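Each protein sequence line maps, in turn, to chains A and B.
Take 28 as the starting number for the first sequence in my numbering and just add one per residue.
Take 28 as the starting number for the second sequence in my numbering and just add one per residue.
Beta carbons: idealized from backbone N, C-alpha and C, even for Gly.
These numbers come from a predicted model, not from an experiment.
Below: the structure, in structure tokens.
There are 2 protein chains.
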Amino acid sequence: MQETPKESKLAKVSPKTRKVFEFIESSKSPLGAYDLLNDQNLRAIGFKAPTQIYRALKQLLDLRLIHKVESLNAFVACCKEHEKGPSILAICDNCGQVQDIPAEDLAAQVKREVGKKFPGLKELNIELKGVCEDCTSEDSEVQAATVS
Amino acid sequence: MQETPKESKLAKVSPKTRKVFEFIESSKSPLGAYDLLNDQNLRAIGFKAPTQIYRALKQLLDLRLIHKVESLNAFVACCKEHEKGPSILAICDNCGQVQDIPAEDLAAQVKREVGKKFPGLKELNIELKGVCEDCTSEDSEVQAATVS
DNA sequence: TTCGGGATGTTATACTATTACGGCTAAGTA
DNA sequence: TACTTAGCCGTAATAGTATAACATCCCGAA
Chain A
28 MQETPKESKL AKVSPKTRKV FEFIESSKSP LGAYDLLNDQ NLRAIGFKAP TQIYRALKQL
88 LDLRLIHKVE SLNAFVACCK EHEKGPSILA ICDNCGQVQD IPAEDLAAQV KREVGKKFPG
148 LKELNIELKG VCEDCTSEDS EVQAATVS
Chain B
28 MQETPKESKL AKVSPKTRKV FEFIESSKSP LGAYDLLNDQ NLRAIGFKAP TQIYRALKQL
88 LDLRLIHKVE SLNAFVACCK EHEKGPSILA ICDNCGQVQD IPAEDLAAQV KREVGKKFPG
148 LKELNIELKG VCEDCTSEDS EVQAATVS
């Protein structure tokens, strides 16, 4: 059985950090540090203080196994396709789910666009808010809107 | 003298809210709510509690006179050119300054890119980190890097 | 064995943001 | 005029997010 990138990355972390990843990965919505600490049973497996959670989150961020959703102060698992590349986080205001959409091309355009004004580009964070496909089709009240 | 959009917007807010805008506009770096409250002399002009600052900030955000930099929990004034449109916030890790770069074209491409997966796009937030032009040329250690 | 460094545990604190409630004032109206 | 209501502002309390500082343990290198 071939090892996936994700598994090889997880091999490097402690069991507790792995557990944090599993909770985030299995959640349908982004989880905050305190969601993990209080609502999930991370206390049951030995996490007692925020610091511990943040340390685990930092490792997972460094390994690019998770993203921080800055506008929600919460964390989501990376989708499989873009583990190396930039992505867009699309946050549904209705159901709360976040899609992690690979965005290689877009990153290239951003680089061109900011070009001279900002030559030392290192990190790119794109977050969208709106209504996802599922919620749009389920709820006829909610219709496509334009970028503000 | 013709009224600019900025001035007509500011005409709608209270003197204290206007003062908050002036501090943000004149600052070289993004300011947090508590920077405004404590470090600047907003206490001197009658602000006593965070709530008051946040109320003023909300008005300014609603009028699109300022942006929130989500990854810093801080606020910057909008540049003049894009008061209606989407923009990119480019944050320099070296000097702390944030450039607000108009990005109409990019917003259009984002819409195309996420298209079917996220039809109800309403808000778009793009933040970059890296090194700005000034810091790149001043400091030869710091060279252009690639998007991670 | 001893030293040093990295991971982990623990406590405290800093930083960010909102809720709740009460008073004041301005505009509408019987 | 008196009443009402809605919005703005003041104040206090609290909720939510994140880090600092320091102790401890464990393991590998000298």
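In the DSSP assignment, Q126 of chain A falls within the unbroken beta strand (DSSP E) covering 125-129. Sequence-ordered contacts of the stretch 142-158 of chain A with chain B read K143, K144, F145, P146, G147, L148, K149, E150, L151, N152, I153, E154, L155, K156, G157, V158 [C-beta pairs closer than 9 Å]. If the five residues before and after R45 of chain A are omitted, its C-beta is found closer than 6 Å to the C-beta atoms of L37, all from its own chain and listed in chain order. A direct Cα-Cα distance of roughly 33 Å separates G112 of chain B from A60 of chain A. Per DSSP, the beta bridge partners of A104 of chain B are B:I93.
In this structure, A:N65 is the residue among A:Q124, A:N65, A:K39, A:I118 with its C-alpha nearest to the C-alpha of I80 of chain A. DSSP places K156 of chain B in the strand class (E or B) of the three-state scheme.
Taking CB atoms only, A117 of chain B has a neighbour in chain A less than 9 Å away.
Interface annotation, V137 of chain A: in contact with chain B, CB-CB separation under 9 Å.
Buried is the label assigned to P129 of chain A, since at least 16 other Cβ atoms lie within 10 Å of its Cβ. The alpha carbon of P32 of chain B has as its nearest neighbour, out of B:D127, B:N68, B:K107, the alpha carbon of B:K107.
Per DSSP, I72 of chain B lies in no alpha helix (DSSP H) segment and is marked neither H nor E. If you check the CB distance, V96 of chain B and P57 of chain B come in under 9 Å. Using a CB distance cut-off of 9 Å, L133 of chain A counts as an interface residue toward chain B. Residue-level contact check: D120 of chain A touches chain B, since one or more beta carbons of chain B fall below 9 Å from its beta carbon. G142 of chain B sits in a helix when the DSSP states are folded into three classes. Under the 9 Å criterion on CB atoms, I93 of chain A is classed as non-interfacial with respect to chain B.
Residue pairing by DSSP places I115 of chain B opposite B:I128, B:I153 in a beta bridge. Here the stretch 116-136 of chain B lies against the stretch 138-145 of chain A, with 3 or more beta-carbon pairs under 8 Å apart. Taking C159 of chain A as the centre and dropping the five residues before and after it, the same chain places the C-beta of A117, C119, N121, C122, Q124, Q126 closer than 8 Å to its C-beta, in chain order. DSSP lists B:V158 as the bridge partner or partners of G147 of chain A. Collapsing the DSSP output to three states places L58 of chain A in a strand.
Ranked by Cα distance from I153 of chain B, the options B:E131, B:L87, B:K39 are led by B:E131. Contact of A130 of chain B with chain A is assigned, a C-beta pair being separated by under 9 Å. Comparing alpha-carbon positions, the option among B:L92, B:S98, B:P77, B:T163 lying closest to A104 of chain B turns out to be B:L92.
Excluding the 5 residues flanking it on each side, A83 of chain A has same chain C-beta neighbours closer than 7 Å at K43, T44, V47, in chain order. For T44 of chain A, the uninterrupted alpha helix (DSSP H) run begins and ends at 42-53, by DSSP. One alpha carbon belongs to I115 of chain A, the other to E34 of chain B, and they sit about 35 Å apart. Going by DSSP, K39 of chain B is part of no alpha helix (DSSP H) at all; its letter is neither H nor E. When rounded, the separation of the alpha-carbon atoms in E140 of chain B and L133 of chain A is 8 Å.
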